[in-house]
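**Student:** Next up is a structure, given as structure tokens.
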Ligand SMILES: *[C@@H]1O[C@H](CO)[C@@H](O)[C@H](O)[C@H]1NC(C)=O
């Protein structure tokens, strides 16, 4: 017997020799490493069978043919066992045409090899077949690839997408894969119930889980995905899915359903018949802006609940929102309304997904306060005031809760009011005295009135000026009021009783001077006064030289002969009006010196005074110009005298403080011009004197001491200053020294550093005359200062 080669070397194989002649026992031989085997046998008929040496490790190892019958007459070579190879065939049932996108894959399962075979279907045929399949355990899978996505994932769903087969020595036929439908991938941020409307109109319920998942759509065509009673909104309520282009679906929760309820107490309403059909609920943001509204609908009637009926409402809210819900009874049928406790609920949409219910509201009929006024009067203003703080109504003590007014029957109803606090009622009506007579009832008493009319006896171009009216009555009642221009006034809100009325206005006498009045309840009285002019005014303005008006300047009018005195201040426009000047009287009018207390430090006024004789009309245009006191002091002067040219360089100007004459404040040579000026001396009195620098033995030099008051006149000019000089002093001394009266020919004119008006010039001239006439005095002269206007 010849050795025969075996192609499989992975397992130890054995070959059995059986069915030989009776004297030949069956034998089993192991093949060598390359699968050769050999039997030595007598001639005869034999059967050779090949099988694995350890069938447990390779049960699928089969050979084709399973056995070979041989007739041995001579050495027989080349008996070959081949490993069995079969065909595996089947078909795919698709919803539509299968086509080349469908592949069938044959995979070995026994781990012997990773070998796999793939066949694709064609448009013409949905049959598949694998040939030359070796025996063994296999898995056959079906897949439909998307030519678009190329992801390698199956895009169809199958009844079974794989079958396991044991391939033996025989062909396998009739494997069938049935397409169940089409995969669609869904990724959702939340679990949600949904249903599919299939192309044929039938419904399929779905439960979409949170996360990624695939859903098998069983029929081809366009499906609609709807969400069922979801508490999450995914943006749109409906999604279309086309199996011919099944795009992945991403569901992201965008809004969450907030729902709440309102329990309404039917007992407070006095029965179900007054229940509203629904209750609007406003949704506001934190700033109180209304974002949206919901409607709470009646969901249970009060019969089985016995006292409360339930309304429910819901709204969609975005994540992160802070919302305020406020229910309102919006019925406008004139009936009583329901109020809700608490008034509002605050909700924060913080977590994703299902939201906790909004805390419930309880509603009950608002509190209505009914009352009346007597006698029945309409339009009595009723104010309802919170007696204590109210949480529900967010009122503080004393806050106004509600306003209303009485009807023609004198009745009022104030409501709806929150019933968590008590209220007080205030009633008022213009022209009436309203006072409480019960908790909610009031009595009204009409006020009396006095109309005052003042007429002038004279023809006047202008309307009658304002008059002070002084009204006094019982129990110390007093009312001082000023009429408007025109002379009319009404005292209202007066209780009945006795009154005394007196008009007052400077420069006028009234007829009658006063009036007693007896007022009945609700009575209106007209009282007339006639006014006569008995005194007059002087009117003018006070300004600075620049024309700028000066406020707060006092102007006075004096009639010394009759000891009459009036004064008046200037207003912001600089105007003044001196009132009450008596006719046929001469007054001197001037800007009054009020000393340091004057707001502005007025140095002087021009004119200094005006003398007027008052007739029977007002005097207008009495204007004054005032000069403010300068801040810095300037003392100037000039010197004249005999031999001034030679003496100039020897003359010194010396200034001392009047309060301390020993102290020299300043001493300086007289300038060549014979003119000097000293600035910024203190605002006080100073002594000015010329001195000589020549030795006193040669000359006798004398000059007068002049007192200067820089406090009153901060800027002053003195001059001409003069001196007396005697040269031959020794000659003089030989003879008994005569007592010279020191006649100093000094005529001191103090001038203000400005330009004089004609009138002032005259006054200045007079002053210089008077100054000259007093120079004979030897003592220190006080300067007579004349005011000058420049
Ligand atoms: C005085 O009477 C007038 C007019 O009736 C009124 O407006 C005013 O309030 C009263 N003044 C006083 C202090 O009663």
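Residue numbers (mature numbering (1 follows the signal peptide of the UniProt record, and there is no 0)): -18 to -1, 1 to 772.
Beta carbons are placed, not taken as given, at the ideal position from N, Cα and C, and that holds for glycine.
Check residue -4 in the structure and name its three-state DSSP category.
**Tutor:** It is a strand residue.
**Student:** Given that a residue counts as buried once 16 or more other Cβ atoms are within 10 Å of its Cβ, and exposed if not, what is residue 610?
**Tutor:** Counting Cβ neighbours within 10 Å, residue 610 comes out exposed, since fewer than 16 surround it.
**Student:** Distance, Cα to Cα, residue 244 vs residue 343?
**Tutor:** Taking the straight line joining both Cα atoms gives about 5 angstroms.
**Student:** Can you find at least 3 beta carbon pairs, one from the stretch 693 to 700 and one from the stretch 602 to 620, that sit closer than 8 angstroms?
**Tutor:** With a cut-off of 8 angstroms, the stretch 602 to 620 and the stretch 693 to 700 count as touching, because enough Cβ pairs lie within range.
**Student:** Measuring alpha carbon to alpha carbon, tell me which of 73, 87, 20 and 34 ends up nearest residue 54.
**Tutor:** When each option's Cα is compared against that of residue 54, the closest is 20.
**Student:** Check residue 352 in the structure and name its three-state DSSP category.
**Tutor:** Residue 352 falls in the strand class under three-state DSSP.
**Student:** Which residues have their C-beta within less than 6 angstroms of a heavy atom of ligand 1, listed in chain order?
**Tutor:** Here the residues come out as 461, 463, 473, 474 and 475.
**Student:** So, helix, strand or coil for residue 250, using DSSP?
**Tutor:** Of the three classes helix, strand and coil, the one that applies to residue 250 here is helix, per DSSP.
**Student:** For residue 165, which option in 148, 192, 200 and 153 has the closest C-alpha, if you only look at C-alpha atoms?
**Tutor:** Here the closest residue by C-alpha is 200.
**Student:** The beta strand (DSSP E) with residue 629 in it runs from where to where?
**Tutor:** First-last for residue 629: 626 to 629, but that is the alpha helix (DSSP H), not the beta strand (DSSP E).
**Student:** Among all the DSSP beta bridges, which residues are the ones paired with residue 773?
**Tutor:** Look at the range of the chain in this structure, -18 to 772, and you will see that residue 773 is not part of it.
**Student:** Mapping DSSP to helix, strand and coil, what is residue 270?
**Tutor:** Residue state, collapsed to three classes: coil.
**Student:** For residue 70, collect the residues of the same chain with a Cβ closer than 6 angstroms to its Cβ; drop the 5 residues on either side in sequence, then sort them by chain order.
**Tutor:** Around residue 70: 112, 115 and 154.
**Student:** Looking at the secondary structure, which residues open and close the beta strand (DSSP E) in which residue 422 lies?
**Tutor:** That residue, residue 422, is in no beta strand (DSSP E); it is neither H nor E in DSSP.
**Student:** Am I right that residue 670 and residue 647 are in contact with their C-beta atoms under 8 angstroms? What's the rounded C-beta distance?
**Tutor:** So it is not a contact: roughly 10 angstroms between Cβ atoms.
**Student:** Let me make sure I understand the geometry here. Which of 62, 4 and 48 has the alpha-carbon closest to that of residue 18?
**Tutor:** Answer by Cα proximity: 62.
**Student:** Roughly how far, in whole angstroms, is the beta-carbon of residue 591 from the beta-carbon of residue 572, given that I think they are within contact range, below 8 angstroms?
**Tutor:** Going by Cβ atoms, the distance from residue 591 to residue 572 rounds to 4 angstroms, so yes, they are a contact pair.
**Student:** Please state the DSSP three-state secondary structure of residue 553.
**Tutor:** Three-state DSSP puts residue 553 in coil, outside helix and strand.
**Student:** If you draw a straight line from the C-alpha of residue -2 to the C-alpha of residue 102, how long is it?
**Tutor:** Those two C-alpha atoms are separated by around 45 angstroms.
**Student:** Hey, how far is the Cα of residue 660 from the Cα of residue 490?
**Tutor:** Cα-Cα distance, rounded: 57 angstroms.
**Student:** By a C-beta neighbour count over all protein chains shown, 10 Å radius and 16 as the cutoff for buried, is residue 657 buried or exposed?
**Tutor:** When all chains shown are included, residue 657 counts as exposed.
**Student:** Short of 7 angstroms in beta carbon distance, which residues of its chain neighbour residue 675, apart from the five on each side in sequence? Order them along the chain.
**Tutor:** Taken in chain order, the residues that qualify are 632 and 634.
**Student:** As a quick exercise: from 322, 14, 275 and 183, pick the residue whose alpha carbon is nearest that of residue 296.
**Tutor:** Here the closest residue by C-alpha is 275.
**Student:** Three-state secondary structure (DSSP) at residue 51?
**Tutor:** Strand.
**Student:** Looking only at C-alpha atoms, which of 57, 212, 229 and 575 sits nearest to residue 137?
**Tutor:** Among 57, 212, 229 and 575, the Cα nearest to that of residue 137 is on 229.
**Student:** Tell me the rounded alpha-carbon separation between residue 442 and residue 602.
**Tutor:** Cα to Cα, the separation comes out at about 16 angstroms.
**Student:** Examine the Cβ distances between the stretch 454 to 462 and the stretch 393 to 408 and report whether three or more of them are shorter than 8 angstroms.
**Tutor:** The stretch 454 to 462, when compared against the stretch 393 to 408, does not touch it at the 8 angstroms Cβ threshold.
**Student:** Let's test the definition: count the other Cβ atoms within 10 Å of the Cβ of residue 586 and tell me whether it reaches 16, buried, or not, exposed.
**Tutor:** So residue 586 ends up on the buried side.
**Student:** Label residue 494 either buried or exposed according to how many other C-beta atoms from any shown protein chain fall within 10 Å of its C-beta, with 16 as the threshold for buried.
**Tutor:** Exposed.
**Student:** Where residue 488 and residue 462 are concerned, what is the direct C-alpha to C-alpha distance, given to the nearest angstrom?
**Tutor:** Approximately 16 angstroms between the Cα atoms of the pair.
**Student:** Between 260, 702 and 584, which lies nearest to residue 533 when the distance is taken from Cα to Cα?
**Tutor:** Of the listed residues, the one whose Cα sits closest to residue 533 is 584.
**Student:** State the CB to CB distance for the pair residue 143 and residue 123, rounded to an integer number of angstroms; the pair is presumed to be in contact (CB under 8 angstroms).
**Tutor:** With 8 angstroms as the limit, residue 143 and residue 123 qualify as a contact, their Cβ atoms being about 6 angstroms apart.
**Student:** Going by the beta-carbon positions, is the gap between residue 508 and residue 478 smaller than 9 angstroms?
**Tutor:** Cβ atoms of residue 508 and residue 478: not closer than 9 angstroms.
**Student:** Using a Cβ-Cβ distance under 9 angstroms, would residue 532 count as near chain B?
**Tutor:** Any reference to chain B falls outside this structure, which holds one protein chain only.
**Student:** Answer with buried or exposed for residue 265, where buried requires no fewer than 16 other C-beta atoms within 10 angstroms of its C-beta.
**Tutor:** Buried, since its Cβ has 16 or more Cβ neighbours within 10 Å.
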